[in-house]
Each structure stands twice: as C-alpha cells, then as structure tokens.
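Trainee: Residue 94 in UniProt numbering sits at position 94 of the sequence shown; the count goes up by one each step and never skips.
A virtual CB, placed ideally from N, CA and C, is assigned to each residue, including glycine.
Please read all numbers here as calculations on a predicted model, not as lab measurements.
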Amino acid sequence: MSDLGSEELEEEGENDLGEYEGERNEVGERHGHGKARLPNGDTYEGNYEHGKRHGQGVYKFKNGARYIGEYVNNKKHGHGTFIYPDGSRYEGEWADDQRHGYGIYYYVNNDTYTGEWFAHQRHGQGTYFYAETGSKYIGTWVNGQQEGAAELIHLNHRYQGKFLNKNPIGPGKYVFDIGCEQHGEYRLTDMERGEEEEEEETTMMTVVPKWKATKITELSLWTPTLPEEQPPTDGPGPEEAPGTEGGGELSEEGQALADVSEGETDSMRPGEDDGDGSREEGRENFRYDTIDQDVVLDPRDKGRWRSDL
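#1: Going by the C-beta, is Phe61 closer than 6 Å to any heavy atom of the ligand SAH?
#2: Just list the residues that DSSP pairs Lys62 with in beta bridges.
#3: Does the Cβ-Cβ distance between Asn74 and Lys52 come in under 7 Å?
#4: Mapping the DSSP letters down to three states, classify Val72 as helix, strand or coil.
#5: Per DSSP, what kind of secondary structure is Ala131 in: helix, strand or coil?
#6: Which two residues bound the contiguous beta strand (DSSP E) that contains Leu164?
#7: Contact defined as beta carbons within less than 8 Å: I believe His123 pairs with Asp96. What is the distance between those atoms, to the nearest angstrom?
#8: Val208 lies in the beta strand (DSSP E); which residues open and close that run?
#9: Drop a sphere of 10 angstroms on the beta-carbon of Gly13, count the other beta-carbons inside from all chains shown, and report buried for 16 or more, exposed for fewer.
#10: Measuring only the C-alpha atoms, how far is Gly22 from Val58?
#11: Using the Cα positions of Val72 and His50, report the straight-line distance between them to the nearest angstrom.
#12: Considering Cα atoms alone, identify which of Lys210, Gly55 and Ser135 is closest to Gly172.
#13: Nearest-angstrom Cα distance between Arg89 and Thr214?
#14: Kindly indicate which three-state DSSP category Ile178 falls into: helix, strand or coil?
#15: Which residue's Cα is closest to the Cα of Ala119: Trp141, Asn25 and His54?
#16: Is Gly64 close to chain B, meaning its C-beta is less than 7 Å from at least one C-beta of that chain?
#17: What are the boundary residues of the beta strand (DSSP E) that His120 is part of?
#18: Within a Cβ cutoff of 8 Å, which residues of the same chain sit near Asp42, ignoring the five residues on either side of it in sequence?
#19: In terms of alpha-carbon separation, which member of Val27, Glu26, Gly92 and His54 lies closest to Gly34?
#20: For Gly18 and Glu29, I'd like the C-alpha separation in whole angstroms.
#21: Tell me whether the beta-carbon of Ala149 lies closer than 7 Å to the beta-carbon of Lys136.
#22: Which value, in whole angstroms, describes the spacing of the CA atoms of Asn109 and Arg187?
#23: I'd like the list of long-range same chain contacts for Asp177, defined as Cβ closer than 8 Å, with 5 residues on each side in sequence excluded.
#24: Suppose contacts are defined by Cβ-Cβ distances below 7 Å. Is Glu151 in contact with Ile138 by that definition?
#25: Can you give the Cα-Cα distance for Thr114 and Pro39, rounded to whole angstroms?
#26: Between the beta-carbon of Glu93 and the beta-carbon of Tyr102, is there less than 7 Å?
#27: Which partner residues of Pro85 appear in the DSSP bridge assignment?
Written as structure tokens, this is what we have:
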C-alpha cells in the first residue's frame, strides 16, 4: 500500500454543478445544510458556506470510498475519517486536503500506524504495529519512511538504535528478556548473489546492513537519542573522533543474536511496501531480525558469550 496518492480520489468541485437540495443565502449560493449529487456520481451531504463545502459533512465517492469530517473552503481540514475502497481507513487531523497532524491509519491486514503526519505522509514520531507478529516500531519517521532513533520491539527481545532508508544502521543494541544486552553496529555490505546472478553482468548489487556484535553486558537504560559528538577542546590537539550516531530505518521480526564466535549475524532488513499506489503507503512487512538458531538464549550461556567475543 502506498502512503502517497491515497487521495487520488479527488473530490469534485461544485460551483453549482449537479443536483442540489438545501439552504441558500440571499444571493442564491449554497449556504447552510444541503445535499448534492455531483456530475461524476459522487454525493455530498453537510454544511455549506458561500457555495463551498464548509463545516461538517459526508462526501461519498461512487467507488465506495467516503470522507466524514470537517471542511474549510471545499477542502478537508480539521478532524475527519477517510475510508478507502479496500476497507483501510485514516482517522485524524487534516490540512488543505492532506493527512496532516496526528492520526491513526488502519490497514487491511490489521496493522496500524499511530502518530504524526506531515503533508500526507508519516512524518515525526509514530508507532507501527504489526498485527501478524505482535511486533512494533516506535520512533522517528521521515517522509513516510522509518528513519532516525527508534526501538523495534519483538516478543522476547528488542533492538534499539537508528534507522535509515528502512534499515538499521550504525551503533545499536539488542536487549533480551533473559537479562542481557548485545552491543554492536550495523554495517553496509553487498548482498550475496547466486551463481546465476553472478553470470548476469547487468545484475545490480544490493547493499544491505549486517550486524557486527562487539560485547554483551547487563541491562542498562536506553534513551531514544544517541550521544552527540563532544565539542573540540581549546588549543591544538588530535582531531575529534566521528560521532557514534548511525542513521537507520526499520522493520521486522527478528534476527537477534549472532554467531558470537565471529560476532556477526545475517542482515536485518526492514519490510517493503506493497506498492498499491492508490492506497496508504503504510503496510510494512517484516523481513529481518530473525534469531540465529545456532545460539541458545539461556542465562547459563552468558559467560560463554563473553569469552567468545
């Protein structure tokens, strides 16, 4: 599903077109409460002001979609609910005909996004809940994508770090319910290709993040922002080391502990959108963060983990 373009169902402007039954002002404009059937087959029932939809109203598209909420000068503005033809819906704030402010999107697969919107896209702080697995992403979004500091929570462990372009990247840590944390970082690597792919010269390499573990510790407090670089000291001295912030992005069910003897796990890759451009870009799919089955999550093994690192 696509976050952009879900309002490709444009409402027809009225300008006294179509059939109208309702109140008018002294100059004959639609003003007050009324019902209209527009030339394209859509209908509107609600308040008007000087010939334009203004105030509470219900707009029904001939394809089954509908909007119930507030209007200002013929545009969705204020609080409203938009129900799409596939049954998904958005409930929240609107501005200038776009999802803007705080709102909740309910997807057809029962996933939900709850949080901030900007210019029709998920942008700011938000939580995406994956109904199938019970996992959820809590953190920052930029232009519809999971990006920035965030926490990806699964049934018995969670990942805390940063995301970029829907992938975890840079420093972060896995927190396990058995009472320990695995620290490390995600590094970009070329995805392995099969023999057939290698024979094709036109095959493009896909860069994916790969987890590199560095240490295991006891549990500690995590905040949704990573330390900033320290300011340079006065006088001559060594150059400031680069900051530990990594950019990053999200998704899915989880690859957690790696083969600690080497300190690496397979790449943790976030989900990809379904690509239904006529609906909400929302539905995210889990594609990474699966626990390496060679590692046994048992508190008795913590000493072994340390010695192997």
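Mentor: Well, looking at it:
#1: The ligand SAH is not part of the structure shown, which contains no ligands of any sort.
#2: Answer is none; Lys62 lacks a bridge partner.
#3: yes
#4: Reduced to three states, the DSSP call for Val72 is strand.
#5: coil
#6: His157 to Leu164
#7: The pair is not a contact, with the Cβ atoms about 15 Å apart (cut-off 8 Å).
#8: Val207 to Thr217
#9: Exposed: under 16 other Cβ atoms inside 10 Å.
#10: 15 Å
#11: 11 Å
#12: That would be Lys210, whose Cα lies nearest to the Cα of Gly172.
#13: 44 Å
#14: Note: Ile178 maps to coil in three-state DSSP.
#15: Trp141
#16: No chain B is present in this structure, which holds just one protein chain.
#17: No beta strand (DSSP E) contains His120, which DSSP labels as neither H nor E.
#18: Glu11, Glu12, Tyr59, Lys60, Phe61 and Lys62
#19: Shortest Cα-Cα distance from Gly34 to any of Val27, Glu26, Gly92 and His54 involves His54.
#20: 14 Å
#21: Against a cut-off of 7 Å, the Cβ pair of Lys136 and Ala149 comes out as no contact.
#22: 32 Å
#23: Asn156 and His157
#24: In this structure, Glu151 lies near Ile138, with their beta-carbon atoms less than 7 Å apart.
#25: 36 Å
#26: yes
#27: Answer is none; Pro85 lacks a bridge partner.
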